[in-house]
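Just so you know, we're using the working numbering here: the sequence shown kicks off at 7 and counts up by one. Beta carbons are placed, not taken as given, at the ideal position from N, Cα and C, and that holds for glycine. Every value quoted in this text rests on a predicted model; they were computed, and no experiment measured them.
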Amino acid sequence: MDTLNLPAFAHKLKQIDGKPYIFDLLRRKYVRITPEEWVRQHVVHLLINHYQYPKSLIKTEGGLVLNTLQKRTDLVIFDRAGQPFLVVECKAPHVALSRAVFDQIARYNYIHKAPYLFITNGLTHYCCCIDPATSELTYLDDFPAYSPDI
């Protein structure tokens, strides 16, 4: 797999029917590894190991209905009250983080209404905060720090 601009972690890989799988801490099972999944697993470990977000507040590939279409968010991090706090969209390293990717996460967040958004292709990352009154974005240098008050 590609080397990413995210911290390395001790991943567990195995072959199933000749195809590579990686152990997903959140789903507690091996999942088929794709370039996008490789990025998602790095982000999960970043959130848990570096930012101390509890696993119990992170949901992988959560479903949502958007204009009668079934969609899936890559990661949603919830606050202690169960409200979306951070929506994460992961792309494969070869996928450019274009306006279309920003539009995609904005559409998902129309439903979630999380105050923070993060998009990454494993090489380039953007994190932003949304002002609920004006819908203006403020780009951040880093993830919002976890605190038990979240």
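Between which two residues does the beta strand (DSSP E) containing residue i stretch?
i     : result
Phe15 : Unbroken run through Phe15: none, as it is neither H nor E.
Pro26 : 25-30
Gln21 : 19-22
Pro90 : 90-96
What are the start and end residues of the alpha helix (DSSP H) that includes residue i?
i      : result
Ile111 : 105-118
Arg46  : 41-51
Does the Cβ of residue i have 16 or more other Cβ atoms within 10 Å, making it buried, or fewer, making it exposed?
i      : result
Lys97  : buried
Thr66  : buried
Pro13  : exposed
Gln89  : exposed
Asp109 : exposed
Asp80  : buried
Leu52  : buried
Helix, strand or coil for residue i, going by three-state DSSP, please let me know.
i     : result
His56 : helix
Among the residues of its own chain, which have a CB less than 7 Å from the CB of residue i, if the five just before and after it don't count?
i      : result
Ile111 : Val93, Glu95, Leu123, Ile125
Query raised in the report: Does the count of Cβ pairs from the segment 115-123 and the segment 24-36 closer than 8 Å reach three?
Result: no
Query raised in the report: For the 8 Å Cβ check, are there 3 or more pairs between the segment 52-61 and the segment 139-146?
Result: no
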